[in-house]
Amino acid sequence: MDILSNLVLSWGDPWLIFLTAAGTLAGIYVGAIPGLSVTMATSILISFTFKWQVNEALALIVGVFMGGVYGGSRTAILLNIPGAPSAIATAIEGYPMAQKGEAGEAIGLTTIMSVFGGFVGIIALALFAPVISNFAIMFNSRDYLLLGLIGILLVGTLSGESFAKGAFAGALGVLIGMVGLDPMTAEGRFTFGSVTLMGGIPYVAAMIGFFGVAEGLVQLHNLDLPAVKQKIDRIIPKFSDVKKHFWLAMRASGIGTIIGALPGTGGDIAALLAYDDAKRMTKNPEVPFGEGAKEGLIAPEAANNAAVGGSFIPMLTLGIPGDAVTAVIIGALFIHGLKPGPLLLIETPHLFWFIVGNLALANIFLLIFGLSGIKVFTKIVECPKAILIPLIFVLSAVGTYAIQNNPSHVYWMLGFGVFGYFLKTYNYQVGPVILGVILGPMMDSNYRRAMIGARGDVGTFFWDFVSHPISLILSIAFLLMMISQTPLWPFLKRIIGRQGKQT
Amino acid sequence: MSKEENLIRKPGEIVFSIFLTVFSVTAFWQAFAISGFTGLSTAGIFPMLASLAMIVCSLIITKDVFAKQPHKMSGFASSLNEILPITLIYMIVLISAYLLAMPIIGFVFSSAAFLFLSFSILWKKPIWLSALLAIFSLAIIYFIFRTIFQVVLPQGSLIQGSILQGQF
């Protein structure tokens, strides 16, 4: 009974309902505006909600989180600019649909599937939090290392013209993430004696540069093209489409929840994994992948919203953030005097159930706002590029500046923007760079922890990868990916074939 | 991008891939300088692995680029126009000037100037319309960020903050 009353606490209080609704609506727009990240919005919200009651602050923040993860898909579909990294895969299929005049259908389908995925994640959070935490607690350093490598390889193989370009971009990102003082030994890495570089390269500036400024510069080539007129006539998706892809959405939501629950991996990787999975599982898509396949739109969107619920699992049960946003939310809980971790469910169970109920409420508002505000929203697309591009640059500058009020960050943003322009021009993907920047430091510290655990012995180090069940499964997944995605396999086949002929 | 287009080399593609290779080698050299081969769990190992992967990849990419057919563009000027058209150079210069001016003259004035100039270069509509649009869009951005998100925007070292706050 206690559980139920806490679960619906925010459903009966008009003020909490209003805060959740406002948060969700704001989240959709924050997520949609390139350069504005949910992480940033959450951190700013925390700075002026810390005097509020914890329930009120959480209602607003949970709403922004839920809305923001979904909002990224809007600009991905309409402008080919993922509003957030979790919408990178959405842009691959969503933008071609918009170009064909099917933007309304794409957004409608995205909304339904996001809400669907969101509920799957929330139900999983409520049901499996204790179970999944028991599973995740067994993860070792080397498992995180493997997860990071798989993540970067996945995003590298997604849509690039060659694997080498994708892998190069991923490795470049890792390198960018390494700049600064080493967190384990405080040695400077690539700092060249500069104090500014010791703090590392601000990755949000890199992200805004690569996705905001570089995209704006690329779009300058298309200035004279008439603005894409979007006929948004069908917002509610066809029931047959929803029914047909139900199991795909279910699978994707499952992937999203599990990936979201893994510490350190959030909606970004969940969306990419689900997209890759959908690409392999769909035998005969109506439209080929990369040209507007609905399957490729549904999977990442269901997955990234499912990852929201999932990402709360490690945060609330272990005190480990599931992704960047939950890392910020952990900070908020600390400010309010709460201790996220194994004891949270025992000491303050009401808080856990309040969050679950509030996530569900935010998800309902997502459905309402997602299906109603599209016509107003698409006006942005009908706006000529000549107006839109300068505005993107200004928003990018403000967004970068807002994080730490540091003017030097905007120069990083510009530098990455111009470099990103050349990368894009020569068909390199910038997605893997960002993933590398985020995952690089995590992989580095986990590699070193695993190596120290093996006492620096290479044999023990590699033996650990195959002698533990979880590591073995991840190692096999990693090797399969390496063999199937790189020229390694044809190369090996040729060598084996040659030896066969000789004998 | 179609398969056929991918077989034709773009102007400057060789230069760019060689640049990336040189960059990767430099990065490896710098990564080696962090801690050398003194241990398997030192600070320099992962940067070395990453830059090694970059070297391998960039060599493969460069090899592929040389295998492509040369582009049919004649002359340096037209090649440059394909990759870096004059509008793009204008915009990069304009953005650089904007970002440099922002800490000096403040967000409001630098953004107003930037929006007005870039609208008039790109939009090709009457000047007064560009000016009107610049003011209108700036007002919306300022309201959203300053009032709703409470972002502290640079006020500029030349202008006193109090004057600006009085205006808005």
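Here the protein sequences line up with chains A and B, keeping their order. Per my numbering, the very first residue in the first sequence carries number 18; after that it's consecutive. Per my numbering, the very first residue in the second sequence carries number 158; after that it's consecutive. For every residue, glycine included, the Cβ atom is placed at its ideal position computed from N, Cα and C.
When the distance is taken between beta carbons, is residue j closer than 8 Å to residue i?
{"i": "A/Ile315", "j": "A/His238", "result": "no"}
{"i": "A/Phe329", "j": "A/Leu24", "result": "no"}
{"i": "A/Thr343", "j": "A/Ile225", "result": "no"}
{"i": "B/Ser236", "j": "B/Gly169", "result": "yes"}
{"i": "A/Leu362", "j": "A/Leu333", "result": "yes"}
{"i": "A/Tyr87", "j": "A/Val235", "result": "no"}
{"i": "A/Ala467", "j": "A/Arg159", "result": "yes"}
{"i": "A/Ile34", "j": "A/Ala377", "result": "no"}
{"i": "A/Leu9", "j": "A/Gly84", "result": "Nothing about residue 9 of chain A can be read from this structure; chain A reaches only from 18 to 520."}
{"i": "A/Pro449", "j": "A/Gly187", "result": "yes"}
{"i": "A/Gly125", "j": "A/Leu388", "result": "yes"}
{"i": "A/Pro113", "j": "A/Glu308", "result": "yes"}
{"i": "B/Ile240", "j": "A/Ala181", "result": "no"}
{"i": "B/Ile243", "j": "B/Ala269", "result": "no"}
{"i": "A/Ala222", "j": "A/His426", "result": "yes"}
{"i": "A/Ala39", "j": "A/Leu75", "result": "no"}
{"i": "A/Gly277", "j": "A/Glu110", "result": "no"}
{"i": "B/Phe271", "j": "B/Ala288", "result": "no"}
{"i": "A/Phe82", "j": "A/Val55", "result": "yes"}
{"i": "B/Phe264", "j": "B/Leu315", "result": "no"}
{"i": "A/Gly165", "j": "A/Met459", "result": "yes"}
{"i": "A/Ser492", "j": "A/Phe508", "result": "no"}
{"i": "A/Pro302", "j": "A/Ile129", "result": "no"}
{"i": "B/Phe276", "j": "A/Pro407", "result": "yes"}
{"i": "A/Leu290", "j": "A/Ala403", "result": "no"}
{"i": "A/Thr59", "j": "A/Ser90", "result": "no"}
{"i": "A/Ala231", "j": "A/Gly434", "result": "yes"}
Could you tell me which chain A residues have their CB closer than 8 Å to the CB of residue i, listed as they occur along the chain?
{"i": "B/Thr244", "result": "Leu237, Leu240"}
{"i": "B/Trp280", "result": "Pro401, Ala403, Ile404"}
{"i": "B/Phe302", "result": "Val415, Ala419"}
{"i": "B/Phe203", "result": "Val191, Met195, Gly457, Met460, Asp461, Tyr464, Arg465"}
Who are the neighbours of residue i on chain B, taking C-beta pairs under 8 Å?
{"i": "A/Asn301", "result": "None at all; the shortest Cβ gap to chain B is about 22 Å."}
{"i": "A/Tyr428", "result": "Leu256"}
{"i": "A/Val435", "result": "Ile249"}
{"i": "A/Leu234", "result": "Leu245, Met248, Ile249"}
Tell me, which residues are paired with residue i by DSSP?
{"i": "B/Ile165", "result": "B/Gln226"}
{"i": "A/Gly205", "result": "A/Leu198"}
For a contact meaning CB atoms closer than 9 Å, what does residue i contact in chain A?
{"i": "B/Phe194", "result": "None at all; the shortest Cβ gap to chain A is about 13 Å."}
Taking C-beta pairs closer than 7 Å, name the residues in chain B that residue i reaches, listed in chain order.
{"i": "A/Gly473", "result": "Gly196, Leu197, Ser198"}
{"i": "A/Arg465", "result": "Ser198"}
{"i": "A/Met468", "result": "Leu197, Ser198"}
{"i": "A/Phe439", "result": "Phe173"}
{"i": "A/Tyr443", "result": "Lys167, Glu170, Phe173"}
Please compile the residues from chain B whose C-beta is within a distance smaller than 9 Å of the C-beta of residue i.
{"i": "A/Met459", "result": "Per Cβ cutoff of 9 Å: no residues; A/Met459 is ~11 Å from chain B at best."}
For residue i, go through chain A and note every residue whose CB falls closer than 7 Å to its CB, in chain order.
{"i": "B/Ser309", "result": "It should be noted that the sequence gives Val, not Ser, for residue 309 of chain B. Within chain A, the residues near B/Val309 are Asn422."}
{"i": "B/Gln312", "result": "Neighbours of B/Gln312 on chain A: none; closest Cβ ~11 Å, over 7 Å."}
{"i": "B/Ile252", "result": "Phe410, Leu431"}
{"i": "B/Ile191", "result": "Glu204, Arg206"}
{"i": "B/Ala184", "result": "Leu192"}
Selection of the segment 127-144 of chain A by Cβ proximity to chain B, strictly under 9 Å: Under the 9 Å Cβ criterion, the segment 127-144 of chain A contributes no residue.
Interface residues of the segment 202-225 of chain A facing chain B [CB-CB below 7 Å]: Thr202, Glu204, Arg206, Phe207
Validate contact between the segment 86-103 of chain A and the segment 318-325 of chain A using beta carbons, cut 8 Å, 3 pairs: yes
Contact between the segment 188-204 of chain B and the segment 185-198 of chain A (3+ Cβ pairs under 8 Å): yes
Residues, ordered as in the chain, of the segment 263-291 of chain B that lie near chain A by beta-carbon distance below 8 Å: Within the segment 263-291 of chain B, the qualifying residues are Phe264, Ser268, Phe271, Leu272, Ser275, Phe276, Leu279, Trp280, Lys281, Leu290.
At least three beta-carbon pairs within less than 8 Å, the segment 185-204 of chain B to the segment 195-203 of chain A: Counting Cβ pairs under 8 Å, three or more are found: they touch.
Contact between the segment 243-253 of chain B and the segment 176-193 of chain B (3+ Cβ pairs under 8 Å): no
Cβ-based contacts, 7 Å cut-off: residues of the segment 179-200 of chain A near chain B: Ser179, Ala181, Lys182, Ala184, Phe185, Ala188, Leu189, Val191, Leu192, Met195, Asp199
Interface positions of the segment 208-235 of chain B facing chain A (Cβ-Cβ less than 7 Å), listed along the chain: Ser208, Ala210, Met211, Cys214, Ser215, Ile217, Ile218, Asp221
Chain B contacts from the segment 157-171 of chain A (Cβ-Cβ distance under 8 Å): Taken residue by residue, none of the segment 157-171 of chain A has a beta-carbon sitting less than 8 Å from a beta-carbon on chain B.
Stretch pair the segment 265-277 of chain A + the segment 116-135 of chain A: three plus CB contacts closer than 8 Å: yes
Near-chain B residues of the segment 407-420 of chain A (beta-carbon distance less than 8 Å), N- to C-terminal order: From the segment 407-420 of chain A, only Pro407, Leu408, Phe410, Val411, Leu412, Ala414, Val415, Tyr418, Ala419 have a Cβ closer than 8 Å to chain B.
Inter-stretch contact at 8 Å, needing at least 3 Cβ pairs: the segment 198-218 of chain A / the segment 473-480 of chain A: no
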